[in-house]
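Structure record follows, encoded as structure tokens.
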Amino acid sequence: MKKFYTPVDLRSRADMTAYLENHFRYPTMNSWNQATSYACNLKVDRLGLSAGIVEKLLDMLDTYEFQEAMQDLRTRFGMEHDYLWQVGMNGRSGGYLVLYQGCQKPSGYRSYCRECGQRNYKSVSESGDVCGRCGSHSRVDYTTPPMEIITYPGRATDDGEDFEDWSLVQLRERVKLVQELDQLADAMVAEALELARTCTVETEEYFVPKTRKVLVPSA
Ligand SMILES: [Zn+2]
7 MKKFYTPVDL RSRADMTAYL ENHFRYPTMN SWNQATSYAC NLKVDRLGLS AGIVEKLLDM
67 LDTYEFQEAM QDLRTRFGME HDYLWQVGMN GRSGGYLVLY QGCQKPSGYR SYCRECGQRN
127 YKSVSESGDV CGRCGSHSRV DYTTPPMEII TYPGRATDDG EDFEDWSLVQ LRERVKLVQE
187 LDQLADAMVA EALELARTCT VETEEYFVPK TRKVLVPSA
């Protein structure tokens with residue numbers, strides 16, 4: 007089975023530079039926008055798994071539960087890096103885990119409605135507690151105003167970077183970050199295998215409400 011994490015000698019400039027320069031990269035958006043970043047190829051048929059497991063994973067990929075489990079791991083990575091570094095899936099079938107840059111800023115919302123969840127840029131002291139959407143007296147101020155997470159999908163990381171000018175401290179920081187990306191890839195594969203071991207994929211029928219116009223006799 008493929009392992010993404012690679013130990014690197016954090017005292018050696020040569021080792022750290024080689025690790026960063028040779029790490030797999032992938033476009034952050036489309037191949038034509040020229041921006042690339044550190045990435046891991048998570049396509050299930052490229053992980054060195056048995057044919058039976060690959061088949062099961064392919065069957066599981068589209069389920070909500072599987073997607074949620076993977077998204078949770080990626081969200082945690084962003085949280086641990088204060089969203090300055092985030093990860094996302096890219097590629098036609100979403101098979102590549104890519105490192106993205108981002109940030110977090112105040113969303114500007116001051117209050118929200120406890121009835122319907124509508125958010126408001128004004129505080130209750132400014133505009134009263136009536137909700138503009140549902141009309142109930144249910145608006146309250148946030149105790150901590152919510153933050154908005156921003157991702158820069160077109161921003162490249164270390165594209166064609168010459169690490170010669172980097173200090174050892176800077177190199178170490180970057181190597182550790184990319185190693186954490188590799189560890190996340192390993193954790194995602196481990197989680198996928200655990201799900202494959204403990205769950206079965208079943209097909210369920212569900213009904214989607216649709217609307218149509220009908221003619222009824224006037225009262
Ligand atoms: Zn409301």
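The sequence shown maps to residues 7 to 225 in the numbering used here. Every residue, glycine too, gets a C-beta built ideally from N, C-alpha and C.
Please work out which residues of its chain come closer than 7 Å, Cβ to Cβ, to residue i, disregarding the five sequence neighbours upstream and downstream, and give them in chain order.
i	result
G114	Y127
C109	Y89, L90 and I156
N47	F30, G101 and Y102
L6	Outside the shown range of the chain (7 to 225) lies residue 6, about which nothing can therefore be said.
V130	S117, R145, V146 and D147
Taking all protein chains shown into account, do 16 or more other C-beta atoms lie within 10 angstroms of the C-beta of residue i, making it buried, or fewer, making it exposed?
i	result
S117	buried
P13	exposed
T34	buried
T217	exposed
A225	exposed
V184	buried
V146	exposed
L53	buried
S173	exposed
If you follow the beta strand (DSSP E) that residue i is part of, which residue opens it and which one closes it?
i	result
K111	Y102 to P112
Y32	R31 to P33
M95	W91 to N96
Y44	T42 to N47
S117	S117 to C119
V146	R145 to D147
E132	Careful: E132 lies outside any beta strand (DSSP E), inside the alpha helix (DSSP H) at V130 to S133.
Y11	That residue, Y11, is in no beta strand (DSSP E); it is neither H nor E in DSSP.
Y158	M153 to Y158
Spatial neighbours of residue i within its chain, please: CB distance less than 6 Å, with the 5 preceding and 5 following residues excluded, ordered by chain position.
i	result
S144	C119, R120, E121 and C137
T149	none
Q124	C137 and R139
P152	S113 and Y115
Is residue j closer than 8 Å to residue i when the C-beta atoms are compared?
i	j	result
L63	A198	yes
L105	A193	no
V207	D15	no
M95	L55	no
M76	R178	no
L190	V93	yes
Q107	R161	yes
Y11	D164	no
Y25	A45	no
Could you tell me whether any Cβ in chain C is nearer than 8 Å to the Cβ of residue i?
i	result
N96	The chain labelled as chain C is not found in the depicted structure, where only one protein chain is given.
State the start and end residues of the unbroken alpha helix (DSSP H) segment that holds residue i.
i	result
R180	L174 to T204
E27	R19 to N28
T69	Where T69 is concerned, there is no enclosing alpha helix (DSSP H), given that its DSSP letter is neither H nor E.
Which same chain residues end up closer than 8 Å to residue i when comparing Cβ atoms and leaving out the 5 residues on each side of it in sequence?
i	result
K9	D192
P159	T34, M35, G94 and Y106
Let me have the residue list for ligand 1: C-beta closer than 5 Å to any non-hydrogen atom, ordered along the chain. C119, E121, C122, Q124, C137, R139 and C140
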